[in-house]
Amino acid sequence: MKLLFENWRQYLIEQANTVQIKFPDAIPPEMLALANKDPEISGFVYPEEDRQRAGIYFNDELVGFMTPRKEPDGGWRVGAIHIDPNSRGKGIGSMAIAKFFEDKTDSPVPISVDNISSQKAFANAGFVLLNPDEILTDEKDGWKYQLWGRERNETLI
Numbered sequence: 009m010k011l012l013f014e015n016w017r018q019y020l021i022e023q024a025n026t027v028q029i030k031f032p033d034a035i036p037p038e039m040l041a042l043a044n045k046d047p048e049i050s051g052f053v054y055p056e057e058d059r060q061r062a063g064i065y066f067n068d069e070l071v072g073f074m075t076p077r078k079e080p081d082g083g084w085r086v087g088a089i090h091i092d093p094n095s096r097g098k099g100i101g102s103m104a105i106a107k108f109f110e111d112k113t114d115s116p117v118p119i120s121v122d123n124i125s126s127q128k129a130f131a132n133a134g135f136v137l138l139n140p141d142e143i144l145t146d147e148k149d150g151w152k153y154q155l156w157g158r159e160r161n162e163t164l165i
C-alpha cells in the first residue's frame with residue numbers, strides 16, 4: 009500500500025505543471041450550479057453570490073474552481089473545491105491544493121469529518137491530520153471538522 013501511495017505521489021509531482029490556478033476568473037454559472045448539487049460541498053458554493061473564485065485549469069481547460077479566502081487568524085482556506093465529474097480521478101484537486109498553498113503560511117486547514125474526498129485530496133497534496141482524536145465543532149452552524157497541516161519536506165511541488 010505504501011508503494012502505491014508513493015507511486016501516486018510521484019505521478020502527481022510529474023503532472024503538477026498541467027494544473028494551473030488563475031485569478032481573477034469568472035466561473036460559468038452552470039459549473040457553480042453543478043457544484044452546488046454535490047452533496048459534499050452543497051451549501052458552501054453560494055452560486056448566487058459574487059465571490060472571488062479561482063479557476064482550476066487542467067491542460068489549459070477550465071475543469072473546476074475553488075473559493076479561497078484569508079481567515080482572521082492569517083491562515084488560508086481554499087473553500088469549496090469543485091472538479092468537473094468528467095475530470096475527477098486524475099489528482100487535479102490535489103495538485104490545485106498544493107499549488108495554492110505553496111506560498112502560504114502553515115496555518116492548519118479545517119476539513120469536514122464527513123468529506124472523505126477532501127481528506128484524500130489534501131493528503132495527496134502533502135497534508136496530514138494533525139490530531140486524529142480531536143473533532144471540533146463550528147459554533148455558528150454545528151459543522152464538525154478536523155485540522156490538517158502540511159507535512160514537512162514532502163510536497164507535490
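The sequence shown begins at 9 in the numbering used here and counts up one residue at a time.
Ideal Cβ positions, reconstructed from N, Cα and C, are used throughout, including at glycine.
Counting along the chain, Gln127 sits inside the alpha helix (DSSP H) bounded by residues 124-132. Short of 8 Å from the beta carbon of Ala129, and not among the five residues preceding or following it, lie these beta carbons of its own chain, in chain order: Ile89, Gly101, Ser102, Ile105. Assignment of Thr75 by DSSP, reduced to helix, strand and coil, places it in the coil class. In this structure Ile35 is buried. Its beta-carbon is surrounded by 16 or more other beta-carbon atoms within 10 angstroms.
Counted as a single uninterrupted DSSP element, the alpha helix (DSSP H) harbouring Phe108 occupies residues 100-109. Between Pro55 and Pro37, the CB-CB gap stays under 8 Å. Just so you know, the alpha carbons of Glu110 and Trp84 end up roughly 11 Å apart.
In the structure shown, Ala34 falls within a coil segment according to DSSP collapsed to helix, strand and coil.
Remark: C-beta atoms of Val117 and Ile143 do not approach each other more closely than 8 Å.
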